[in-house]
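Counting from 1, position 263 in the sequence shown corresponds to residue 244 in our numbering; the numbering is continuous, with no gaps.
No residue lacks a Cβ here, since even glycine has one placed at the ideal position from N, Cα and C.
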Amino acid sequence: MAYIGYLFFRAAVFFLSRLPFAVLYVLSDILRVLFYYVTGYRKKVVFDNLRRCFPEKTEAEIAGIAWKFYRNFCDILVENIKIFNLSPDELSRRCRLLNTGTAENLYQNGQSIIAVTGHYCNWEWCAVISRSVKIKIITIYRPLANAHINQYGLQSRMAYGMLFVPNHQTSATFEQYKNQPAVYTFLADQNPGKMSKAIWTTFFNQPTACPVGPEKHAMLHNYPVYYLYLQRVKRGYYTMELIKLTDTPATTQPGEITAAYMHTLENIIKQKPENWLWTHRRWKHQKPPQTPPD
-18 MAYIGYLFFR AAVFFLSRLP FAVLYVLSDI LRVLFYYVTG YRKKVVFDNL RRCFPEKTEA
42 EIAGIAWKFY RNFCDILVEN IKIFNLSPDE LSRRCRLLNT GTAENLYQNG QSIIAVTGHY
102 CNWEWCAVIS RSVKIKIITI YRPLANAHIN QYGLQSRMAY GMLFVPNHQT SATFEQYKNQ
162 PAVYTFLADQ NPGKMSKAIW TTFFNQPTAC PVGPEKHAML HNYPVYYLYL QRVKRGYYTM
222 ELIKLTDTPA TTQPGEITAA YMHTLENIIK QKPENWLWTH RRWKHQKPPQ TPPD
């Protein structure tokens, strides 16, 4: 059954990825109306998330953000289909790293870093960063349930020179590349794979479980931590920027790095809330009660 789903996916990608951006964005506008008014795709989750993050906003304001969000969401869908038939040069023109000097200095100094980012704007297009710098880019990712689609997607993105590593191989990968400079990128705003190891922090004034990986490896290897900030300039065009969070993670307190990047993400979302992935059930887990000391 998974293979049949993969074949349908390949067929859809084959035809749709050959359409020009102008046509794909018309398709995006149609999907936006269908998702919002007809199917109501995850609409309750979107509205619930927005209400709990922006309790000061009226229902009309919440609905306005949600309507804009579905445009962002559908644009990302069609852009990520187009990437299967987009040359590396064309994607590099559409998604640019602003402060390339930061990465070049790291390369010259033989320094590895950890770059965290969130599901904001089209995070998938960050793969093009590897064409902007000499330093090796390694992305830690959570594999899709359909192994065939997962492998097909990886092949298209690895064409840009980025190395993709499944999250269960994270520690081995850090060990493998410890003697050469690299940028290890994490999508750090998703629910943890193992709740027993979650780091809890405050995000939009509510307890939020975060994955342990970025902070764990930053402190273990003392690699500086940056936030990879993605902005949409206009439809189909983005800029990226590396924002330093800490130079000395080994001296930080447990939870401090996680709090820093989630605080950075929160401030970014507040500027343009429609650009975050509100369909994600981010607060489905409740923080367990503290165990009193003996």
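As assigned by DSSP and simplified to three states, the class of residue i
i, result
"TRP181", "strand"
"ARG262", "coil"
"PRO277", "An answer regarding residue 277 cannot be provided, because it is not within the stretch -18 to 275 covered by the chain."
"TYR242", "helix"
"LEU(-12)", "helix"
"LEU201", "helix"
"PRO173", "coil"
"THR154", "helix"
"MET(-18)", "coil"
"ARG23", "coil"
"ASN127", "coil"
Chain-order list of residues whose beta-carbon lies under 7 Å from that of residue i (same chain, five-residue window excluded)
i, result
"LEU87", "ILE94, ILE116, PRO162"
"ILE224", "TYR207, TYR208, TYR210, THR245"
"THR272", "At THR272 the pLDDT is 43, less than 50, meaning the model places this residue with poor confidence and gives no usable figure here."
"PHE65", "VAL(-6), SER(-2), SER137"
"PHE2", "LYS63, GLY217"
Whole-number beta carbon distance between residue j and residue i, since they are thought to touch under 8 Å
i, j, result
"TRP257", "THR189", "Going by Cβ atoms, the distance from TRP257 to THR189 rounds to 13 Å, so no, they are not a contact pair."
"ASP10", "HIS100", "About 22 Å separates the two Cβ atoms, so there is no contact after all."
"VAL97", "PRO195", "5 Å"
"PRO230", "ASN203", "6 Å"
"LEU5", "LYS63", "6 Å"
"VAL27", "PHE50", "6 Å"
"THR278", "ALA241", "Only positions -18 to 275 of the chain appear in this structure, which leaves residue 278 out of reach."
Sequence-distant residues of the same chain with beta carbon closer than 6 Å to residue i, five excluded per side
i, result
"TYR165", "ILE95, ILE119"
"CYS55", "SER9, LEU12, ARG13"
"SER73", "VAL109, ARG112"
"VAL193", "LYS178, ILE180"
"TYR141", "PRO69, ALA108, VAL109, SER111, ARG112"
"GLN212", "THR220"
"MET243", "THR182, PHE184"
"ILE250", "TRP257"
Min CB distance residue i to chain B below 8 Å
i, result
"HIS261", "This model lacks chain B altogether, as it is built from one protein chain only."
DSSP beta-bridge partners of residue i
i, result
"TRP257", "TYR101"
"LYS225", "TYR207"
"TYR219", "CYS76, ARG213"
"VAL(-6)", "In the DSSP output, where bridge partners are listed per residue, VAL(-6) has none listed."
"ALA190", "TRP181"
"THR120", "PHE145, THR166"
Residues near residue i in its chain [Cβ-Cβ closer than 8 Å; skip 5 each side]
i, result
"LEU58", "SER9, LEU12"
Which ranges does the alpha helix (DSSP H) cover as unbroken runs of at least 4 residues, wholly within the region 36 to 114, from first to last along the chain? Counting only runs of 4 or more residues that sit fully inside the region 36 to 114, the alpha helix (DSSP H) segments are 40 to 63, 69 to 75, 81 to 89, in chain order.
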